[in-house]
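Below is one structure, written out as structure tokens, with a few remarks after it.
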Amino acid sequence: MPLPLIYHEDYSPEFPAEHRFPMDKFRLLRDHLVDSGLTRDEDLLRPELCPADILALAHDRGYIERYMSGELSREDQRRLGLPWNEALARRTVRAVGGSILAAEKALEHGLACHLAGGTHHAHYDYPAGFCIFNDLAIISHYLLQSGRVNRVLIFDCDVHQGDGTARILHNTPEAITVSLHCEKNFPARKAESDWDIPLPNGMGDADYLKVVDDALNYLLPLYQPDLVLYDAGVDVHKDDALGYLQLTDEGVAARDESVMRHCLGRDIPVVGVIGGGYSKDRHALARRHGILHHSAQRVWQSSGCH
Numbered sequence: 034m035p036l037p038l039i040y041h042e043d044y045s046p047e048f049p050a051e052h053r054f055p056m057d058k059f060r061l062l063r064d065h066l067v068d069s070g071l072t073r074d075e076d077l078l079r080p081e082l083c084p085a086d087i088l089a090l091a092h093d094r095g096y097i098e099r100y101m102s103g104e105l106s107r108e109d110q111r112r113l114g115l116p117w118n119e120a121l122a123r124r125t126v127r128a129v130g131g132s133i134l135a136a137e138k139a140l141e142h143g144l145a146c147h148l149a150g151g152t153h154h155a156h157y158d159y160p161a162g163f164c165i166f167n168d169l170a171i172i173s174h175y176l177l178q179s180g181r182v183n184r185v186l187i188f189d190c191d192v193h194q195g196d197g198t199a200r201i202l203h204n205t206p207e208a209i210t211v212s213l214h215c216e217k218n219f220p221a222r223k224a225e226s227d228w229d230i231p232l233p234n235g236m237g238d239a240d241y242l243k244v245v246d247d248a249l250n251y252l253l254p255l256y257q258p259d260l261v262l263y264d265a266g267v268d269v270h271k272d273d274a275l276g277y278l279q280l281t282d283e284g285v286a287a288r289d290e291s292v293m294r295h296c297l298g299r300d301i302p303v304v305g306v307i308g309g310g311y312s313k314d315r316h317a318l319a320r321r322h323g324i325l326h327h328s329a330q331r332v333w334q335s336s337g338c339h
């Protein structure tokens with residue numbers, strides 16, 4: 034069977050072209066994966082909208098209602114940095130549904146990837162940094178409370194610290210938060226993850242990959258999670274507009290393969306979400322995000338998942 038990939042047409046609603054957030058990257062990523070022969074559109078799995086009761090496992094109900102009805106305070110709107118409309122609100126809950134579906138497929142088959150997700154700056158009762166609802170925290174609570182897993186490990190390689198995830202899951206010992214991030218970058222006030230691995234500006238492929246290997250060789254045997262949620266942010270790339278690291282395409286591919294092989298080599302299912310990536314060249318950005326899915330395909334073919 035093909036590698037499970039999750040996508041929905043709702044992911045790239047109409048959006049101001051000059052906005053800093055590249056909303057069309059999800060559609061362009063789908064186009065790239067189809068054009069490059071990795072998948073066919075009809076093989077992509079389409080998620081449902083995430084129900085409010087599941088969002089509320091990680092978020093305040095009043096906040097969910099305020100966001101969904103377009104009634105965020107001006108302060109919250111400023112923190113978020115995205116305009117509000119109904120299509121964007123639907124996109125938001127659809128994408129959380131997509132991350133949940135990806136996690137379920139990973140538990141079933143060993144590996145799955147989302148063409149969105151990784152909204153790790155969303156907090157319990159307010160948005161931040163382009164993130165509204167925190168899919169990583171929601172998946173963790175959802176799978177833990179339903180008894181599908183006993184322990185989940187979030188391995189967040191986005192260039193920015195996963196501060197919302199760390200705060201929401203702070204009192205959930207069965208959800209281990211690990212953040213490898215550029216130390217001198219957003220958010221200015223860091224949260225406390227279970228494991229924070231701050232990286233210096235300008236770090237390149239070899240040093241970065243050593244940190245990834247060392248972290249996984251230590252953490253996976255220590256915690257023996259039932260599922261790894263992997264935030265494969267490409268804002269670590271040397272050409273990213275908001276990152277200060279120096280990874281190349283090859284470095285990003287090596288990172289993605291390494292994470293997936295570490296997990297599958299220990300029979301731990303792993304789900305990939307795309308995390309952050311910023312560039313005015315949206316087609317280049319889509320190709321960069323696609324490194325995750327191409328890497329996953331190589332691992333899928335050689336690992337005997339399915």
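Residue numbering for the sequence shown follows my numbering, beginning at 34 and increasing consecutively.
From the three backbone atoms N, C-alpha and C, an ideal C-beta is built for every residue, glycine too.
This one's a predicted model, so the numbers in the text were calculated from it and none came from an experiment.
Quiz item: Looking at GLY150 and GLY131, is the spacing between their C-beta atoms short of 8 angstroms?
Solution: As a first step, residue 131 is located in the sequence shown; it is residue number 98 there, counting from the start. As a first step, residue 150 is located in the sequence shown; it is residue number 117 there, counting from the start. A contact, by the Cβ cut-off of 8 angstroms.
Exercise. Please work out which residues of its chain come closer than 6 angstroms, Cβ to Cβ, to ALA136, disregarding the five sequence neighbours upstream and downstream, and give them in chain order.
Key: Within the sequence shown, the letter at position 103 stands for residue 136. ILE172 and VAL304, listed in sequence order.
Self-check item: Inside the stretch 224-279 only - beta strand (DSSP E) runs reaching at least 3 residues
Solution: Inside the stretch 224-279, DSSP marks whole beta strand (DSSP E) runs of 3 or more residues at positions 228-232 and 260-264, from first to last along the chain.
Quiz item: Are three or more beta carbon pairs between the stretch 306-321 and the stretch 191-198 nearer than 8 angstroms?
Solution: Yes, since at least three Cβ pairs between the stretch 306-321 and the stretch 191-198 fall closer than 8 angstroms, the two stretches touch.
Quiz item: The alpha helix (DSSP H) with ASP282 in it runs from where to where?
Solution: Within the sequence shown, numbered from 1, the residue matching residue 282 stands at position 249. Residues 282-298.
Quiz prompt | Secondary structure of VAL182, DSSP reduced to three states | solution = By one-based count along the sequence shown, residue 182 stands at place 149. The answer is coil: DSSP assigns VAL182 none of H, G, I, E or B.
Quiz prompt | Three-state secondary structure assigned by DSSP to SER212 | solution = For this step, residue 212 is matched to residue 179 along the sequence shown. Looking at SER212 - three-state DSSP - the assignment turns out to be strand.
Quiz item: Under a Cβ-count criterion, where at least 16 other Cβ atoms within 10 Å of its own Cβ denotes burial, should SER45 be classed as buried or exposed?
Solution: Your numbering for residue 45 matches position 12 in the sequence shown. Burial call: buried.
Quiz item: In terms of DSSP beta bridges, what is ILE187 paired with?
Solution: In the sequence shown, counting from the first residue as 1, residue 187 sits at position 154. The partner list for ILE187 (beta bridge, DSSP) reads THR210 and LEU262.
Quiz item: Can the beta-carbon of ILE201 be found less than 8 angstroms from the beta-carbon of ASN250?
Solution: Start at 1 with the first residue of the sequence shown, and residue 201 comes out as number 168. Start at 1 with the first residue of the sequence shown, and residue 250 comes out as number 217. Between ILE201 and ASN250, the C-beta gap is not smaller than 8 angstroms, which leaves the two residues out of contact.
Quiz item: Taking the beta strand (DSSP E) that GLU145 falls in, what are its first and last residues?
Solution: Locating residue 145 in the sequence shown gives position 112, counting from the first residue. Reading off the sequence, residue 145 comes out as Ala, not Glu. Where ALA145 is concerned, the enclosing beta strand (DSSP E) stretches over 144-147.
Quiz item: How long is the line joining the alpha carbons of ALA91 and ILE165, rounded to whole angstroms?
Solution: Here residue 91 corresponds to residue number 58 of the sequence shown, with the count starting at 1. Here residue 165 corresponds to residue number 132 of the sequence shown, with the count starting at 1. Cα to Cα, ALA91 sits roughly 12 angstroms from ILE165.
Self-check item: Simplified DSSP assignment, three categories, for GLY195
Solution: The residue given as residue 195 occupies position 162 in the sequence shown. Three-state result, GLY195: coil.
Exercise. Please list, in chain order, all residues of the same chain as HIS270 whose beta carbon is under 7 angstroms from its beta carbon, the five residues on each side excluded.
Key: Counted from its first residue, the sequence shown places residue 270 at position 237. Only GLY276, LEU280, VAL285 and ARG321 meet the Cβ criterion.
Self-check item: Given PRO37 as reference, the closest of LYS138, ALA161, ASP64 and LEU115 once Cα atoms are compared
Solution: Indexing the sequence shown from 1 puts residue 37 at position 4. The option with the nearest alpha carbon to PRO37 is LYS138.
Self-check item: Identity of the residue in PRO160, CYS215 and PRO231 nearest THR198 by Cα
Solution: Position 165 of the sequence shown, counting from 1, holds the residue named residue 198. Among PRO160, CYS215 and PRO231, the Cα nearest to that of THR198 is on PRO160.
Practice problem: Quick one: give me the first and last residue of the beta strand (DSSP E) that GLY305 is part of. | Solution: By one-based count along the sequence shown, residue 305 stands at place 272. Boundaries of the beta strand (DSSP E) harbouring GLY305: 303-306, taken from the DSSP string.
Quiz item: How do the stretch 174-184 and the stretch 201-219 stand: do at least 3 beta-carbon pairs fall below 8 angstroms, yes or no?
Solution: Three or more Cβ pairs closer than 8 angstroms define a contact, and the stretch 174-184 meets that threshold against the stretch 201-219.
Quiz item: Bridge partners of CYS164, per DSSP?
Solution: Within the sequence shown, numbered from 1, the residue matching residue 164 stands at position 131. For CYS164, the beta-bridge partners assigned by DSSP are ALA161.
Exercise. Check each candidate in GLN257, MET293, ASP282 and GLU283 and name the one with the smallest Cα separation from TYR263.
Key: Numbered from 1 along the sequence shown, position 230 holds the residue referred to as residue 263. Minimum Cα distance to TYR263 is reached at MET293.
Quiz item: Roughly how many angstroms lie between the CA atoms of GLN334 and HIS52, to the nearest whole one?
Solution: Residue numbering aside, residue 334 sits at position 301 when the sequence shown is read from its first letter. Residue numbering aside, residue 52 sits at position 19 when the sequence shown is read from its first letter. For the pair GLN334 and HIS52, the Cα-to-Cα distance works out to about 38 angstroms.
Quiz item: By a C-beta neighbour count over all protein chains shown, 10 Å radius and 16 as the cutoff for buried, is GLY266 buried or exposed?
Solution: In the sequence shown, the residue the question calls residue 266 occupies position 233. Buried, because 16 or more other Cβ atoms sit within 10 Å of the Cβ of GLY266.
Quiz item: In this structure, what does DSSP give as the bridge partners for LEU78?
Solution: The residue given as residue 78 occupies position 45 in the sequence shown. According to DSSP, which records beta bridges pairwise, LEU78 is partnered with ILE39.
Exercise. Take ALA120 and list the residues in its own chain whose beta-carbon comes closer than 6 angstroms to its own, dropping the five residues that flank it on each side.
Key: Along the sequence shown, read from residue 1 onward, the residue named residue 120 stands at position 87. Excluding sequence neighbours, ALA120 sits near PRO46.
Quiz item: So which of HIS327, ARG299, HIS316 and GLU207 has the shortest CA-CA distance to ARG288?
Solution: Indexing the sequence shown from 1 puts residue 288 at position 255. It is HIS327.
Quiz item: Measuring from the CB of VAL303, is there a heavy atom of the ligand SAM at a distance below 7 angstroms?
Solution: Only the bare structure without any ligand can be found here, which leaves the ligand SAM out of the picture.
Self-check item: Sequence ranges, alpha helix (DSSP H) only - wholly within the stretch 72-123, length at least 4
Solution: The DSSP assignment places 85-88, 94-101 and 107-113 as complete runs of the alpha helix (DSSP H) inside the stretch 72-123, in order along the chain (cut-off: 4 residues).
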